[in-house]
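**Q** Structure provided below as structure tokens; questions to follow.
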Amino acid sequence: MIEIFPNTDSNNSDSLSCCRLALSDHHLAAGFFDGSVQLFHLPTRLHLSTFYPQPRDRLGHFSTAISGIILSDTQLVFTTLDGDIHIVVINAVVPLRRALVGDVVNDGVLVDFTGCNQWWVGLYAGAPGRAFHVWNSETEELVYVDGVLTDPDAVMGWHLLNELTELIGRVRVASHGSAVACTSLRILILDLTNQGIVLQEEEIPRGITVSCFDTNEASMVIVDSRTMASVRQLDTLEEVCRFRVGGASQRGILGCVNGGYGLMCAGGVISVWEIEHGSYLYNFRERIGICNALIADERHVAACSADATIHLWDFGVQ
12 MIEIFPNTDS NNSDSLSCCR LALSDHHLAA GFFDGSVQLF HLPTRLHLST FYPQPRDRLG
72 HFSTAISGII LSDTQLVFTT LDGDIHIVVI NAVVPLRRAL VGDVVNDGVL VDFTGCNQWW
132 VGLYAGAPGR AFHVWNSETE ELVYVDGVLT DPDAVMGWHL LNELTELIGR VRVASHGSAV
192 ACTSLRILIL DLTNQGIVLQ EEEIPRGITV SCFDTNEASM VIVDSRTMAS VRQLDTLEEV
252 CRFRVGGASQ RGILGCVNGG YGLMCAGGVI SVWEIEHGSY LYNFRERIGI CNALIADERH
312 VAACSADATI HLWDFGVQ
């Protein structure tokens, strides 16, 4: 269990509401609605530092809310809803650097952000035809802007700057040079190496619970409005298996995957399925109450609850 450090300079009642978590081999990062990112050392559970976006004129109460985190053991990259990208070199004397000043008026709201050692991918809502922004992560050069995936959610995107609404979309980078993104209506796969050409696209008749969407290197998990989870191959969208997230309503479910397991948090209980055949395995014994963020890798599972506590499990010993 990790205690979140309060922001004593903030009068924002949502300052301790976690909206993003990220894991690396030795670090955990948590991003909050007040724009802060807290970095922890996993082996010792110690708080290392707290970072804040560099100040400038902002548009909207939640414009600095964290919308994405990319974390390695040497670097932390985080973004805000209004499109700023900041970079921190971990364990270095180099100060936090703003790599990009967002242009929320022309680009829309940056609703999700992800990446790898080659690409950064941002999913935007609010400006027609500008859903995807892709950068070379080494040079920080913008490679292209395109896409209409979030065009139906433009108005909701602008509302994010001033009110806490449902998630609009998620985007993930796959290992073979593609990105997978979804909204509550559609899912698509982009070729990052070829100007974002759409490789696969599908509309889900029963809708998608965006907060449960996640991918690993080979597959993705989609949960529909009736809480039925579908595990699909990344390259073809072909269904591998399915399972039902029992005893849950669509609202308030969070989900994530690692290499072989799908984890769903509903009603404060985290349940685990293997995603080759869709077999239910077990529930975590600890109940965590209302959950704001959930993430897993091959070693750890982390969840942030509404009482400003990060719960951490060593998944490698399960």
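Read in order, the letters of the sequence shown are residues 12 to 329 in this note's numbering.
All C-beta atoms in this analysis are idealised placements derived from N, C-alpha and C, irrespective of residue type, glycine included.
Looking at the strands, I want to know which residues DSSP matches up with Gln65.
**A** Per DSSP, none; premise fails for Gln65.
**Q** Going along the chain, which unbroken runs of the beta strand (DSSP E) with 3 or more residues stay wholly within the segment 118-165?
**A** Complete beta strand (DSSP E) runs here, min 3: 119-126, 130-137, 143-147 and 152-157.
**Q** Does the CB of Cys127 have a neighbour CB from chain B at under 8 Å?
**A** Absent from the structure is chain B; it holds one protein chain and no more.
**Q** Hey, would you say Leu172 sits closer than 8 Å to Val120, going by beta carbons?
**A** Yes. Within cutoff.
**Q** State yes or no: is the C-beta of Val116 within less than 8 Å of the C-beta of Ile179?
**A** In this structure, Ile179 does not lie closer than 8 Å to Val116 by Cβ.
**Q** Between which two residues does the beta strand (DSSP E) harbouring Thr90 extend?
**A** Start and end: Gln86 to Thr91.
**Q** Residue range of the beta strand (DSSP E) that Asp325 falls in?
**A** First-last of the beta strand (DSSP E) with Asp325: Thr320 to Asp325.
**Q** Please return the same chain residues whose Cβ sits closer than 7 Å to the Cβ of Pro54, not counting the five positions on each side in sequence.
**A** His37, listed in sequence order.
**Q** Measure the alpha-carbon distance for Glu151 versus Ala110 and round it to whole angstroms.
**A** Glu151 and Ala110: Cα-Cα distance of roughly 7 Å.
**Q** Report yes if the CB atom of Ile301 is closer than 8 Å to the CB atom of Ser316, and no otherwise.
**A** Yes, the Cβ-Cβ distance between Ile301 and Ser316 is below 8 Å.
**Q** Would DSSP call Gly270 helix, strand or coil?
**A** Coil.
**Q** Look at the Cβ atom of Arg181, then the Cβ atom of Ala192, and state whether they are nearer than 8 Å.
**A** A contact, by the Cβ cut-off of 8 Å.
**Q** Given a cut-off of 8 Å, decide if Thr125 and Ala142 are closer than it, judged by their beta-carbon atoms.
**A** Not a contact, by the Cβ cut-off of 8 Å.
**Q** For Val132, which option in Ala138, Val145 and Val122 has the closest C-alpha, if you only look at C-alpha atoms?
**A** Val132 has its Cα closest to that of Val145, out of Ala138, Val145 and Val122.
**Q** Please classify Ile208 as buried or exposed, where buried requires at least 16 other C-beta atoms within 10 Å of its C-beta.
**A** Flag for Ile208 reads exposed.
**Q** Go ahead and pull the three-state DSSP assignment for Gly180.
**A** Of the three classes helix, strand and coil, the one that applies to Gly180 here is strand, per DSSP.
**Q** Mapping the DSSP letters down to three states, classify Gly168 as helix, strand or coil.
**A** Residue state, collapsed to three classes: helix.
**Q** Take Ile299 as the anchor and find which of Gly289, Leu265 and Gly271 has the nearest alpha-carbon.
**A** Of the listed residues, the one whose Cα sits closest to Ile299 is Leu265.
**Q** For Ile115, which of helix, strand or coil comes out of DSSP?
**A** According to the sequence provided, residue 115 is Val. The question's Ile does not apply to it. If DSSP states are grouped into helix, strand and coil, Val115 belongs with the helices.
**Q** Give me, in chain order, the residues of the same chain whose beta-carbon lies closer than 7 Å to that of Gln329; leave out the 5 immediate sequence neighbours on both sides.
**A** Residue confidence for Gln329 is low, a pLDDT of 47 falling below 50, so the modelled location carries little weight and cannot support an answer.
**Q** Give a yes or no on whether the C-beta atoms belonging to Ser28 and Phe43 are separated by under 8 Å.
**A** Contact flag set, yes.
**Q** Excluding five sequence neighbours on each side, which residues of the same chain lie with their C-beta closer than 8 Å to the C-beta of Thr176?
**A** Same-chain partners within the cutoff: Met167 and His170.
**Q** On the DSSP letters alone, give me the boundaries of the beta strand (DSSP E) that Ile15 sits inside.
**A** Taken as a continuous stretch (DSSP letters only), Ile15 belongs to no beta strand (DSSP E), as it is neither H nor E.
**Q** What does the Cβ neighbour count give for Asp45, buried or exposed, with the cut at 16 atoms within 10 Å?
**A** With 16 or more Cβ atoms within 10 Å of its Cβ, Asp45 is classed as buried.
**Q** From the DSSP output, in three-state form, read off Ser189 for me.
**A** The answer is strand: DSSP assigns Ser189 an E or B state.
**Q** Taking 8 Å as the threshold (C-beta atoms), are Val48 and Leu92 in contact?
**A** The answer is no: Cβ separation not under 8 Å.
**Q** Pick out whichever of Asn147, Asp318, Ile306 and Gly257 has its Cα sitting closest to the Cα of Gln206.
**A** With distances taken between Cα atoms, Gln206 lies closest to Asn147.
**Q** Taking only the alpha-carbon atoms, compute the straight-line gap between Phe295 and Val280 and give it to the nearest angstrom.
**A** Going from the Cα of Phe295 to the Cα of Val280 covers about 7 Å.
**Q** For Trp324 and Ile98, what's the separation of their Cα atoms in angstroms?
**A** Cα-Cα distance, rounded: 28 Å.
**Q** If you draw a straight line from the alpha carbon of Cys267 to that of Ala185, how long is it in whole angstroms?
**A** Their backbone Cα atoms lie some 15 Å apart in a straight line.
**Q** Starting from Asn294 and walking both ways along the beta strand (DSSP E), at which residues does that stretch end?
**A** Here the beta strand (DSSP E) through Asn294 covers Tyr291 to Asn294.
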